[in-house]
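Worksheet: one structure, shown below.
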Amino acid sequence: MYGRIIVSLAVLSALALCNVGQAKAVPLTAFYVPWDIKGRADLARHIAQIDIFAPFWITLKTPDGIPTITDDPEIASLLASTRHAPVVMPVIANAHDGIWDGTTADAIIVHSENRTVLISTLLKLATERKFGGYIFDLENLSPASLTMLPSLVSEITSAFKPAHLDIWFTVPLESSGWPIRAMQDAGATIVLMAYDQCWANSTPGPIAGNDWFGSTLAARMRGMDRTKTIIALGSYAYDWPKGLPAKVLSVDDAIRLANDNNTRPISTPPQLNPAFTYDAADGVPHVVWMLNGDTFHRQRQAALHYNPKGIALWRLGLEDKTVWTTHARISHVAISNGVQPTPVCFSLPKH
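The sequence shown begins at 0 in numbering that gives the first Met the number 0 and counts up one residue at a time.
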């Protein structure tokens, strides 16, 4: 009897080690923006659980290819003092002054001299600061720029290869015109942003409804190189005043807002994104939708079905704290990969 107990304990220990190994086998990338103090605190608190740290430190503001670099000494100090720090892959975005500057990004992508300036600057910066590579987050690109992306990837890959730097590109889960497979074949990892079913400038609705997530992800994954695919999941909230764009909230702030208004978020099928309504002090009705920890873990489970290169979190400072719970209790609701749901969100009219 005693011998059987010892053997059973040994088996359980081995299984536990296997489970730990499996958990580590799917790297987690965490996005961060330097203006969010909560994001800094979350990085410090959960740095051991993060494999790749993706800070928004680089902005494309001018068409000459010279990027604007944001210094973040507090985070740099934290990373330097952490024994097993995550790999740092800064995000290069064409967002500034409240817009996604497609014109500037187009000028860099289309003109070879501007590309050369950008690539050489990034290579030098990565060498100096020991980055593992870069994540390009470019929006509002022209059709001409989209067509050029595989060539851009090839050019960057050739320059980065001797330094062993990775190159990733974010792509909306629901988009058209992006030559995704050609970009992967040229050397890029694609980060599918699996949210924004409804967005800040749309009418209110689910951010990544259960039905939308499953069917849209299934359609997108067909033909993709899964070894070069990261699936990014959201955990944040939107608060829409009636007829106006939404304000971004952390999940904690959204739950606090519900409590302050004597209500609670309700999650109903088929979307299964928690939501609630309230009237502000000025009498304006508000609608709040969120992606909480339950949603994150359910979608993570569904995403892992595709054996992606990794999972990403958007973003530190906004996320539900239960995202970090290894053994979170989630409602085991199957995520359909069938027929596309009827669209629920539309762009708000411009005022």
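We treat Cβ as the ideally placed atom computed from N, Cα and C, and that holds for glycine.
For residue i, the three-state DSSP class (helix, strand or coil)
i	result
Lys123	helix
Thr324	coil
Lys246	strand
His285	strand
Thr202	coil
Thr294	helix
Gly208	coil
Gln312	Here the sequence assigns Leu to residue 312, which means Gln is not the residue at that position. Note: Leu312 maps to strand in three-state DSSP.
Asp105	helix
Gly222	coil
Thr215	helix
Ile329	Low confidence applies to Ile329: its pLDDT is 47, below 50, so where it sits in the model is not reliable enough to give any reading.
Leu191	strand
Leu317	coil
Leu303	helix
Ala29	strand
Leu42	helix
Ala231	strand
Asp251	helix
Ala279	coil
Pro348	coil
Asp259	helix
Gly24	This sequence places Ala at residue 24; Gly is not what is there. Helix, per DSSP.
Residue nearest to residue i in terms of C-alpha spacing, selected from the options
i	options	result
Phe345	His95, Pro203, Ser150 and Ser111	Pro203
Ile51	Thr28, Trp34 and Pro62	Thr28
Thr103	Leu59, Met88 and Ala79	Leu59
Ala24	Arg39, Ile49 and Gly38	Ile49
Gly242	Thr228, Val283 and Gly208	Val283
Gln183	Tyr194, Glu73, Ala193 and Val170	Val170
Asp195	His163, Ala236, Thr146 and Leu117	Ala236
Pro240	Leu137, Ala279 and Ala253	Ala279
Gly233	Ala217, Arg263 and Asp293	Asp293
Leu248	Ala274, Ile230, Asp224 and Gln270	Ala274
Phe212	Asp224, Leu191, Lys129 and Met223	Leu191
Val90	Ala231, Glu138 and Ala53	Ala53
Lys160	Thr126, Lys320, Ile310 and His285	Thr126
Lys246	His285, Arg221 and Asp319	His285
Asp210	Leu77, Met223, Trp56 and Ala193	Ala193
Arg114	Ala158, Leu78 and Ala79	Ala158
Asp96	Gly222, Thr61 and Leu148	Thr61
Leu315	Thr276, Val250 and Gly309	Val250
Lys227	Trp198, Arg255, Asp165 and Ile206	Asp165
Where residue i falls, given that 16 or more other Cβ within 10 Å makes a residue buried
i	result
Leu11	For Leu11, the predicted structure reports a pLDDT of 37, less than 50, and the residue's modelled location is therefore unreliable. A value from the coordinates is still provided. Classification of Leu11: exposed, given that the 10 Å Cβ count is below 16.
Pro268	exposed
Ile36	exposed
Asp238	buried
Ile265	exposed
Asn200	exposed
Gly176	exposed
Pro348	exposed
Thr188	buried
Gly38	buried
Pro142	exposed
Gly20	Below a pLDDT of 50, predicted positions are generally treated as unreliable, and Gly20, at 38, falls in that range; no measurement from the model is reported.
Pro244	exposed
Leu219	Residue 219 is actually Arg in this sequence, not Leu. The residue in question, Arg219, is buried, as its Cβ has 16 or more Cβ neighbours within 10 Å.
Asp41	buried
His326	The pLDDT assigned to His326 is 47, lower than 50, so where the model puts this residue is not dependable; a value taken from the coordinates is nonetheless given after this. Exposed, because fewer than 16 other Cβ atoms sit within 10 Å of the Cβ of His326.
Gly208	buried
Ile229	buried
Gly64	buried
Ile98	exposed
Trp34	exposed
Residue i versus residue j - alpha carbon distance
i	j	result
Leu317	Asn258	18 Å
Phe135	Trp167	6 Å
Thr69	Tyr31	13 Å
Asn272	Asn291	8 Å
Asn306	Tyr133	22 Å
Val87	His296	24 Å
Trp323	Glu112	44 Å
Leu303	Arg180	20 Å
Ala22	Arg299	At Ala22, the pLDDT of 45 sits below 50, so the modelled position is not reliable and the matter cannot be decided from this model.
Ser174	Thr215	10 Å
Ala75	Pro66	19 Å
Ala47	Asp281	44 Å
Thr81	Val343	44 Å
Trp288	Asp252	12 Å
Thr120	Asn261	53 Å
Asp100	Ala94	6 Å
Trp313	His110	32 Å
Gly131	His163	8 Å
Residue i: CB within 7 Å of a non-hydrogen atom of the ligand COA
i	result
Arg297	By its list of ligands, the structure shown contains no ligand whatsoever, and the ligand COA lies outside what it can speak to.
### Task
Mind listing, in chain order, the continuous beta strand (DSSP E) runs of no fewer than 3 residues lying wholly within the segment 46–92?
51–58 and 90–92
### Message
Extract the residue ranges of the beta strand (DSSP E) inside the segment 111–183, only unbroken runs of 3 or more that lie entirely within it.
### Response
132–136 and 165–171
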